[in-house]
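Trainee: In UniProt numbering, the protein residues as written are 1 to 621.
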Amino acid sequence: MLFRRLSEYFTRLEATTLRLSMTEILSSLFKEAKSSEIGEICYLLQGRVAPLYEAIEFGMADKMMIKAVAMATGITTGEVNTTFKREGDLGIVAEKFKIQNVKGNPPACGQKAKLTINEIFEVLIKVAIMGGEGSQDEKINLLGNLIREIDPLSARYVVRIPLNKLRLGFSDMTILDALSWMLCGDKKYRSEIERAYNVRPDLAFIAKTVKEKGMEGLANINPQVGIPIQMTRAERMSSGRDIIDKIGKCAIEPKYDGFRLQVHYCKSEYRNPKSEINLKPKIQKNLFNEEKKDYVKLFSRNLEDVTKMYPDVVAGVTKQVNATEAIFEGEAIGINIKTGQYLPFQETVQRKRKYNVEIKAKEIPLKLFTFDLLFVNGESLLSQSFCQRRKKLEQIVSKGEDIFVAKQDILDDPARIEIIFEDAVSRGLEGVMAKKLDGVYRAGARDFNWIKYKKSYAGKLTDTIDTVVMGYDFGQGKRTSFGIGDFLIGVFDTKIEKFVTVAKIGTGLTDVEWKELKIRSQKFKIDNKPNNYDVDNAMGCDVWMMPKIVVEIRADEITRSPVHTAGRMMGPSKSGNAQEVKVAGFALRFPRLERFRNDKSQNDITTLDEVERMYELQKQK
């Protein structure tokens, strides 16, 4: 398929905000694509050239792209920059200058407009993996030459992709819908495809498998060391009695307040001949070390490779795990080296860093408390009961000073749960986790196989909410220097696949936090409200942002508000005519920033369904 043809599909996707229309457009694209192209198309739809768990980023700033566009079109960087300030979109700028060149400058009109997706993808790979001294100039030259060769419409998207500003307004889940639609014309297979994707979170791999082998090809997808599994999530309840009524006799474990890690381990002498990482040869990474060392990979809950940040955890894994290969989960929590007490998250979080790692590891050592085993010695345990998984976990983790199997009590007494809960809170933990004894591990899902019971805060709301920052307004008075006066936060509505608002926060942050938010936001600013944001006009922002910054919010209670869109419904007017009126949505009363959640992505935030359940729990108090 020519990249020009893919650009036409991008244009159609960009022109609609309707999820069903997007699904049908993507389905048509997938039907037309060859199996050798569909994987690359899926990566490009994500604005990437590799799976999300591979730390391969373009590293392109607007200034670099301005130079590339200028080089490609023969326009001065000053004129490109001026036009960019007016248009707000370098893709549109490149397209406009290319159109001018078609009319008046044939050498730059796109004589090689017949470049295929594969050919352009190869150039984008080179740009993404290029590093070291002089790499910025090389990236500019590569992209400049490519933009010169392609047609104007293709230039729009070739420019946007490395800038991470494709902005088509749909999630990965819409792509999974489209794969089902490709096969049968509806979403019948969506849940099965999603289950496979949660075990192998690589859209290219899943799409190519479905394209070549149909649904039968997904049947044998199992965990593989080196490829993270989407972590299961817990529902929430507010008492021991509710927990027992829901799941009966269960396992109660401490709820640690640290870094949730998924550990991938393989002994040095063991090699998996079936290992297959779905990357182009030029960026394929050896799954195992060339040196004769045990292989250890640590992934965060948002699939980020954080291995280099936690050398003490890696060392503990190599010393205490007795298996040829294994994938297991745990929580890494900081310990006070003088008292042995657990450190609060605000101190533990100092360990998440890229520089001076060894020094900080001595100041704040981490202990890993393991609690689930997903794969061991070639066997997937996802469909086995929690009791079976726990037993095998205890067998492979030997006693030591760095890794522990989480303490566990199996009981059916609500009063006993309350005692254990109070004890956990008194020791600086968040609360407890209750786990269904016969529950399977449902990768990426949130259900009542796991239940979290956390300490209550002041007010009626018994838990915090994880939200994304959707945009902000400019500051006034003292906050003029911060550049932010208030910011809009939202949760995710899984039914309409859009981010919906729950609060606009203008108080409760320290000066340091305001400044930190402004610094973080610079990377994610965009020119217009994304298509997958549902925002009332009254909550519009001066600056819109991609949903990349996750913040944990504490509030007094959940209320109803006519200006917030979380759970807002439409109904007939009192007069009974066809005109619809708004029914108030959910909103947070007196919201305050608890902390930035660097360990979470937009896929881990609170959903509207959870907010609704929290609202019902609140009413019962």
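For each residue, glycine too, the CB sits at the ideal point set by N, CA and C.
Quick caveat, the model's predicted, so the values are computed rather than measured.
Compare the C-alpha of T400 against each of V321, D473 and W450 and name the closest.
Mentor: A small correction: the amino acid at residue 400 is Gly; Thr does not occupy that position in the sequence shown. The option with the nearest alpha carbon to G400 is V321.
Trainee: Roughly how many whole angstroms lie between the Cα atoms of A326 and S561?
Mentor: A straight line joining the alpha-carbon of A326 with that of S561 spans about 48 Å.
Trainee: Hey, which unbroken runs of the alpha helix (DSSP H) at 4 residues or more fall wholly within the region 360-418?
Mentor: Listed in chain order, they are 386-396.
Trainee: Out of curiosity, what's the CA-to-CA distance linking K498 and V550?
Mentor: CA-CA distance, K498 to V550, rounds to 16 Å.
Trainee: Can you tell me which of I125, T559 and A33 puts its alpha carbon nearest to the alpha carbon of V611?
Mentor: For the residues I125, T559 and A33, the minimum Cα distance to V611 belongs to T559.
Trainee: Does DSSP classify R19 as helix, strand or coil?
Mentor: helix
Trainee: F121 and V210 look like a contact to me (Cβ under 8 Å); what is the Cβ gap, rounded to whole Å?
Mentor: Not really, about 20 Å apart at Cβ, beyond 8 Å.
Trainee: Taking its Cβ as the centre, do 16 or more other Cβ atoms sit within 10 Å of G132, making it buried, or is it exposed?
Mentor: exposed
Trainee: Report the CB separation of G444 from T467 in whole angstroms; it is logged as a contact under 8 Å.
Mentor: The Cβ separation is near 20 Å, so there is no contact.
Trainee: Could you check how far apart the C-beta atoms of V263 and L218 are, in whole angstroms? I think they sit under 8 Å.
Mentor: The pair is not a contact, with the Cβ atoms about 26 Å apart (cut-off 8 Å).
Trainee: Check each candidate in A361, K367 and R167 and name the one with the smallest Cα separation from L44.
Mentor: It is R167.
Trainee: Could you tell me which residues DSSP pairs with A566 in its beta bridges?
Mentor: F586
Trainee: Considering only heavy atoms of the ligand NAP, does any lie closer than 7 Å to the CB of R597?
Mentor: The ligand NAP is absent from the structure shown, which contains no ligands of any kind.
Trainee: Mind checking which residues open and close the beta strand (DSSP E) that includes V500?
Mentor: K498 to I505
Trainee: Using a Cβ-Cβ cut-off of 8 Å (strictly less than) and excluding sequence neighbours within five positions of D186, which residues of its own chain qualify?
Mentor: S180
Trainee: Which one or two residues does DSSP pair with V469 in a beta bridge?
Mentor: I489
Trainee: Taking only the alpha-carbon atoms, compute the straight-line gap between T370 and A406 and give it to the nearest angstrom.
Mentor: Here the alpha carbons of A406 and T370 stand approximately 6 Å from one another.
Trainee: Let me confirm a value: N101 is counted as buried when at least 16 other C-beta atoms fall within 10 Å, else exposed. Which label applies?
Mentor: That one is buried.
Trainee: Check each candidate in Y53, S7 and S398 and name the one with the smallest Cα separation from Y197.
Mentor: Y53
Trainee: Check this for me: beta carbons of L374 and K249, under 8 Å apart or not?
Mentor: In this structure, L374 lies away from K249, with their beta-carbon atoms at least 8 Å apart.
Trainee: Nearest CA to the CA of Q224: which residue from K367, L124 and L382?
Mentor: L382
Trainee: On the DSSP bridge assignment, give the partners of T348 in chain order.
Mentor: DSSP lists no partner for T348.
Trainee: Just confirm the distance between the C-beta atoms of C541 and D599, as a whole number of angstroms; I'd bet it's less than 8 Å.
Mentor: Wrong, their Cβ atoms sit about 26 Å apart, outside the cutoff.
Trainee: If you follow the beta strand (DSSP E) that G334 is in, where does it begin and where does it stop?
Mentor: E325 to G334
Trainee: So what's P223 in DSSP terms, helix, strand or just coil?
Mentor: coil
Trainee: Closer than 6 Å by C-beta to N286: which residues in its own chain qualify, once you throw out the five before and the five after it? Chain order, please.
Mentor: Summary for N286: the model assigns pLDDT 45, below 50, so the residue's position carries little reliability; its value from the coordinates is reported in the next sentence. Contacts found: none.
Trainee: Sorted by chain position, which residues of the same chain lie with C-beta nearer than 6 Å to K454's C-beta, five sequence neighbours on each side aside?
Mentor: E430, G431 and D463
Trainee: How about R442 and T232: do their beta carbons lie closer than 8 Å?
Mentor: yes
Trainee: Consult DSSP for L261 and reduce its assignment to one of helix, strand or coil.
Mentor: strand
Trainee: Near D486, which residues of its chain fall below 8 Å by C-beta distance, leaving aside the five closest residues on each side in sequence?
Mentor: Y472, D473, K504, I505 and G506
Trainee: Among L303, E32, E138 and I403, which residue has its Cα nearest to the Cα of N603?
Mentor: L303
Trainee: Between which two residues does the alpha helix (DSSP H) holding L45 run?
Mentor: Going by DSSP, L45 is part of the alpha helix (DSSP H) stretching over S35 to L45.
Trainee: Which same chain residues end up closer than 6 Å to L20 when comparing Cβ atoms and leaving out the 5 residues on each side of it in sequence?
Mentor: none
Trainee: Quick one: what's got a C-beta closer than 6 Å to S398's C-beta in the same chain, skipping five residues either side?
Mentor: Q320 and N322
Trainee: For the alpha helix (DSSP H) that contains R442, what are its first and last residues?
Mentor: That residue, R442, is in no alpha helix (DSSP H); it is neither H nor E in DSSP.
Trainee: Whole angstroms are fine: how far does the CA of I252 sit from the CA of E95?
Mentor: 59 Å
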